[in-house]
Amino acid sequence: MVPKIGDFGISKCFDEKQSRHLTPNQCGSWGYIAPESFGGVITLKSDIYSLGIVILEILTGHRGGARTAKKHAEQEEAKPGSGAEAESGGGDVGGNLVSTADDPLGASAELEARLEDSSLVADTGFNTFMPIAEKFSNNKIDIDMMARKIHRYPARIRALCLDERYSTPMVVSIGPYHHGREHLQKAEKVKYVAATNCSRNSGHSVQEMYTEVVQLARRARGLYENDLVAGISDDDFLPMMFFDACFLVQYMLIMSDTDDSVEIDDASLCSFFDSNDQEICHDIMLLENQLPWPVVQAVMKFVKVPLDRFINSFKGYLQDHKDKLVGKTSSVGNYDPPHLLGLLRFYIVGENRTQPDTKFEISSVSFSISAVELAEIGVTLKPSETTEISHMGFKTTGALFAELSLAPLSLDSERASWLINMAAHELCTTSNFRAAEDEESAVCSYLLLLAMLVDREEDVQELRTKRLLQGGGGLNDREALAFFRSVQSLRLGSCYVRIMNDIETYRYKRQTRTIVHFFTGT
Numbered sequence: 339m340v341p342k343i344g345d346f347g348i349s350k351c352f353d354e355k356q357s358r359h360l361t362p363n364q365c366g367s368w369g370y371i372a373p374e375s376f377g378g379v380i381t382l383k384s385d386i387y388s389l390g391i392v393i394l395e396i397l398t399g400h401r402g403g404a405r406t407a408k409k410h411a412e413q414e415e416a417k418p419g420s421g422a423e424a425e426s427g428g429g430d431v432g433g434n435l436v437s438t439a440d441d442p443l444g445a446s447a448e449l450e451a452r453l454e455d456s457s458l459v460a461d462t463g464f465n466t467f468m469p470i471a472e473k474f475s476n477n478k479i480d481i482d483m484m485a486r487k488i489h490r491y492p493a494r495i496r497a498l499c500l501d502e503r504y505s506t507p508m509v510v511s512i513g514p515y516h517h518g519r520e521h522l523q524k525a526e527k528v529k530y531v532a533a534t535n536c537s538r539n540s541g542h543s544v545q546e547m548y549t550e551v552v553q554l555a556r557r558a559r560g561l562y563e564n565d566l567v568a569g570i571s572d573d574d575f576l577p578m579m580f581f582d583a584c585f586l587v588q589y590m591l592i593m594s595d596t597d598d599s600v601e602i603d604d605a606s607l608c609s610f611f612d613s614n615d616q617e618i619c620h621d622i623m624l625l626e627n628q629l630p631w632p633v634v635q636a637v638m639k640f641v642k643v644p645l646d647r648f649i650n651s652f653k654g655y656l657q658d659h660k661d662k663l664v665g666k667t668s669s670v671g672n673y674d675p676p677h678l679l680g681l682l683r684f685y686i687v688g689e690n691r692t693q694p695d696t697k698f699e700i701s702s703v704s705f706s707i708s709a710v711e712l713a714e715i716g717v718t719l720k721p722s723e724t725t726e727i728s729h730m731g732f733k734t735t736g737a738l739f740a741e742l743s744l745a746p747l748s749l750d751s752e753r754a755s756w757l758i759n760m761a762a763h764e765l766c767t768t769s770n771f772r773a774a775e776d777e778e779s780a781v782c783s784y785l786l787l788l789a790m791l792v793d794r795e796e797d798v799q800e801l802r803t804k805r806l807l808q809g810g811g812g813l814n815d816r817e818a819l820a821f822f823r824s825v826q827s828l829r830l831g832s833c834y835v836r837i838m839n840d841i842e843t844y845r846y847k848r849q850t851r852t853i854v855h856f857f858t859g860t
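Note that the sequence shown covers residues 339 to 860 in this note's numbering.
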């Protein structure tokens, strides 16, 4: 008697949003299939049970499943008129089996007594199995934590082989991943000044604010990769959380000021922020340079930051010439960000109010088309009327013409870094782009569409002509082309797949209409 393929994967045969499922149809082997399955109940733990039995048999050398199957066969043969059924059914479980009271390991009283001995438990591998089972049961927790964690760069981003400036802070470390780097030490002294200024602004003592932060910072440790924070004691970790939060709050306070009403008493703090404005702006948007948002909020309980104004100061950051693009100011709603990068990405992406209900089940796109080639088939490139990245789309404007609209972009090295890190955040927090809303993969879609449009430097120039690329003080045509080529291997975002499908459909219909017109003149 050996386990069969049918014993595994059964619990995945229903909607992932369900935790239980009732079905009269089950198949599997006695001793391996989970007991509740015989009652027509499938749970998320059914696979774990089957795997656990196999692991225990390997570790202990006992074939519990075989004994249970034999016992079941004997019971079936003892039933009146069941001989033929037992012969035809073998060891597989049919639809007539609805319950079992069998011990899946067939443990006798003697074995149970022996298992009570802790040394035997260790010898038989139960101590080895328990952490494995616990790890499987914690999978759902890990998935739920994806959106909250402070992630490292995913393999897909590392594979882009981008310059170090896209991942390494220039002047200030936020959180533990870059803490202690020699070239960032000047900012450590500035953080102490920021904490003092927070205390002065709020009228509360540093100790009072620190106590509030510590209550959250202890839990924040679990949001970082354990192998990188395991060696950091609370004596180092907790003050780091506090001073980093004070630094961010002071920076947000200054950046949200539009009428010089914010008072920064310390001249050295003002000087540091003013002289390193672009570098700090770069550093706070690095994926690996983040602080859990609840820790920042703990300081904001004492120092009020007008988040609406702060967000609006960055909402149109990807454009030089905003004009009327920014539109109405943003109000902070119910969105609960994991960190500052997540907060700003949310409002830069915006909401795609025009997305259809249809989800295209496409895992790859079979063609690419440049800006020049789009023009040849009657597609006009057009900058969208807002700065929000999610407002991208393709629409026909007649039988033989169409428009592809994207948010305009002023591409320099700093904004390129923002885009890369926002895309990295999407890759880390959304496991399945096709099952998520368009906004969850909007930056990846945006970068892929721009990358699709450029194959030569002339294509980059075409984007400038169409005002999709703004300004001339950022990356030159060669540098922009190199950047767009580097992001072509990003995961396909849902907006990108939809637009590429629309372009392909349009191109096919246009060719058909052209052929009909050629032969019929209509």
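Note that CB positions come from ideal geometry on N, CA and C, so glycine has one too.
Three-pair Cβ contact test at 8 Å for the region 722–739 versus the region 619–635: no
Cβ-Cβ separation, A583 to V948 (assumed contact under 8 Å), whole Å: Residue 948 lies beyond the stretch modelled for the chain, which goes from 339 to 860, so this question has no answer here.
Short Cβ contact (7 Å threshold) for F575 with V551: no
Span separating the alpha-carbon of I488 from that of E714: 45 Å
Nearest residue (CA-CA) to I512, options L500, M483, Y562 and D501: Y562
Inter-residue spacing [alpha-carbon to alpha-carbon] between G463 and V392: Bear in mind that the predicted position of G463 carries a pLDDT of just 47, short of 50, making it unreliable; the figure below should be weighed with that in mind. Roughly 12 Å separates the two Cα atoms.
Status (buried if at least 16 other CB within 10 Å, exposed otherwise) for T850: exposed
Backbone CA spacing between I618 and V641 [nearest angstrom]: 20 Å
Nearest-angstrom Cβ-Cβ length linking R829 and L785, presumed shorter than 8 Å: Actually they are not in contact, since the Cβ atoms of R829 and L785 sit about 11 Å apart, beyond 8 Å.
Cut-off 7 Å between Cβ atoms - residues of its own chain near L757, not counting five sequence neighbours on either side: V781 and L785
Of the listed residues P514, E741, F585 and V792, nearest to G560 (C-alpha basis): P514
Distance, D750 Cα to M838 Cα: 27 Å
Contact between the region 535–542 and the region 645–653 (3+ Cβ pairs under 8 Å): no
Whole-angstrom C-beta distance between D797 and S743, which should lie under 8 Å: Not a contact, Cβ separation roughly 17 Å.
L679 versus G716 - alpha carbon distance: 38 Å
Endpoints, beta strand (DSSP E) assigned at S743: A740 to L744
Any alpha helix (DSSP H) of 4 or more consecutive residues that is wholly inside the region 550–590: 564–567
Nearest-angstrom Cα separation, counted from E726 out to L663: Residue placement at L663 is poorly supported in this model, since its pLDDT is 49, which falls under 50; the coordinates are not used for a value here.
Paired residues, beta bridge with T718 - DSSP: E741
Whether D595 touches V531 by CB criterion (7 Å): no
Identity of the residues DSSP links to L747 by a beta bridge: L807
Straight-line Cα distance separating L625 from Y491: 7 Å
For T734, three-class secondary structure by DSSP: strand
Beta carbon of S748 nearer than 7 Å to that of Q808: yes
Secondary structure of N672, DSSP reduced to three states: coil
Close Cβ partners of L787 (< 7 Å) along its chain, the five nearest in sequence each way excluded: M730, L744, Y834 and I837
Unbroken alpha helix (DSSP H) run spanning A372, endpoints: A372 -> no alpha helix (DSSP H), and no H or E assigned at all.
Helix, strand or coil at H763 according to DSSP, with G and I counted as helix: helix
Cα-Cα separation between R336 and L500, rounded to whole angstroms: Absent from the model: residue 336. The displayed extent of the chain is 339 to 860, so no value can be given.
Whole-angstrom distance between A497 and L522, CA atom to CA atom: 26 Å
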